[in-house]
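> Please read through the structure below; I'll follow up with questions.
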Amino acid sequence: MADDERPKCAQASCTCPADEDSKYCSAYCEGKGSTVTIDCDCGCPTCGSNI
Ligand SMILES: [Zn+2]
Ligand SMILES: [Zn+2]
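In terms of this note's numbering, the sequence shown is residues 224 to 274.
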């Protein structure tokens, strides 16, 4: 199956794929909303090189 159409998390600095039922990957990003941050701390392995 092709997964390349999966929407990205709507949080600007996050690179995670979003959940099917949400624009965001997690509650952390949903709380951030459109706030622009340098690094994403959502805790996903994709973003979390700096915990
Ligand atoms: Zn993230
Ligand atoms: Zn996210």
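From the three backbone atoms N, C-alpha and C, an ideal C-beta is built for every residue, glycine too.
Could you give the distance in angstroms between the alpha-carbon of K255 and the alpha-carbon of A235?
The straight-line gap from Cα to Cα measures roughly 9 Å.
> Are the CB atoms of K246 and T238 nearer to each other than 8 Å?
No, Cβ-Cβ distance for K246 and T238 is not below 8 Å.
> Would you kindly work out how many angstroms separate the C-alpha atoms of D262 and C270, rounded to a whole number?
Distance between the alpha carbons of D262 and C270: 8 Å.
> Buried or exposed: A241, going by 16 or more other Cβ atoms within 10 Å of its Cβ?
Buried, because 16 or more other Cβ atoms sit within 10 Å of the Cβ of A241.
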